[in-house]
Amino acid sequence: MKRAILLLAAATAMAAAAAAEPSPLPGCTAALAYSEAHEGVALLILEDGKVRCRSADITKPQELWSGTKSLVGLMAAAAVQDGLLTLDERASDTLAEWRSDPAKAQVTLRQLLSMTSGQASTVGRPQGYLDSVKAPLAAPPGSKFQYGPAPMQIFGEIIRRKLVAQGEDGNPRHYVERRILTPLGVRVGDWRSGPDGAPLMPQGLVLAAAEWAKIGEFVRAGGVHDGNALVDATAFADLFKGSGANPAYGLTWWLPRASPASDPVTRSTDITVHAAELPADMVVAAGAGDQRLYVIPSRRLTIVRQAKLDLMALAAGRKSDWSDSDFLALLLAR
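FYI, in mature numbering (1 follows the signal peptide of the UniProt record, and there is no 0) the residues of the sequence shown are -19 to -1, 1 to 315.
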């Protein structure tokens, strides 16, 4: 009798544990297969913060490439909360060497973060902070979307100078770790430095899928963690508003919007073409090799996808056949 009671209790406990474990998300198997067929190495999908779909390994750190940029936007929103800057202040307020140049003197921080500040730079080849500051303008500020590393490196130098002026550590990496990553419990695998030894702002952050998802959940929660707003609410909302030059790119985050921008990077994702079919509130951090962090508040989803980067194919200009809309359709058609 005692043994029967113990067996019944064990069975009840196992049933309760099984009931508490979320069932796989519809479309999980197909999404895993699609990702793996396109050089995928990690896939993690959270619904309401719970794991609903995952690949075998979500703990191996991998470079986010340009997914790093989206963290710079969050850093800017934290800096607004700290009173270090405003998004519409002129960069020349901090960069004294720009004040004598009539065009550069008009550039705002918002334009740097939206890639409309006028600098043309080569994707994947960032210069150091000061060399980026010296880069000439190739278009009037605000007139054209020009995706590249220069604006992010310039923003890194602005953050550095502002921190130093406050008597603080001027390293932007240390600042964003202290303000955002450490409170979120994000473990950084690595963060590459540029030719000047300073942490790269447009690329270089190395995170495991499980860690990148923590940033996604923070964004899904509206910039709030454990009841505390870690960033300025208005600046946070502005991260997800496109510019006139490119409605599909906010302040370091991609958006499902139709866009007149014809640059190769904007055209490398089909969320612009299929914008009407995708959740309007979806925001995306994206990096070379089809690294993706999709955040969809209306669906309560955070999706991390990481893949191998074929550097030779990238250098040769060969386009990936990864489709954001095809991948998302596997998960959203329910």
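All C-beta atoms, glycine included, are put in the ideal place defined by N, C-alpha and C.
Check	Outcome
Coarse secondary structure for isoleucine 161, derived from DSSP in three states	helix
Terminal residues of the beta strand (DSSP E) in which glutamate 28 lies	21 to 28
Exposure of asparagine 209, with buried meaning 16 or more beta-carbon neighbours within 10 Å	exposed
Helix, strand or coil at valine 167 [DSSP, three-state]	coil
8 Å contact criterion, which lysine 143 and threonine 75 should meet: CB distance rounded	6 Å
Status (buried if at least 16 other CB within 10 Å, exposed otherwise) for lysine 50	buried
Cβ pair glycine 268, leucine 68 closer than 9 Å	no
Own chain residues within Cβ distance below 6 Å of residue 347, not counting five before or after	The requested residue 347 does not occur in the structure, where the chain is confined to residues -19 to 315.
Lysine 41 to isoleucine 26 span [Cα, whole Å]	16 Å
According to DSSP, residues forming a beta bridge with tyrosine 230	Trp235
Alanine 226 beta carbon less than 9 Å from that of tryptophan 235	no
Continuous beta strand (DSSP E) stretch holding tyrosine 275: start and end	272 to 277
Close Cβ partners of valine 61 (< 6 Å) along its chain, the five nearest in sequence each way excluded	Asp213 and Ala216
Reference glycine 123, options Leu94, Thr103, Ala116 and Tyr110, closest by Cα	Leu94
Lysine 222 in three-state terms, based on DSSP	coil
Beta-carbon separation (whole angstroms), threonine 103 vs glycine 129, contact threshold 8 Å	6 Å
Among Arg248, Gly178, Ser243 and Val264, the one whose alpha carbon lies nearest that of proline 219	One detail in the question is off: residue 219 reads as aspartate in this sequence, not proline. When each option's Cα is compared against that of aspartate 219, the closest is Val264.
Candidates Asp302, Gly148, Ile161 and Met96: closest to glutamine 134 by CA position	Met96
Presumed contact (8 Å Cβ cut-off) between aspartate 262 and proline 245, rounded CB distance	Going by Cβ atoms, the distance from aspartate 262 to proline 245 rounds to 27 Å, so no, they are not a contact pair.
Cβ contact (3+ pairs, closer than 8 Å) linking the region 164 to 173 and the region 193 to 204	yes
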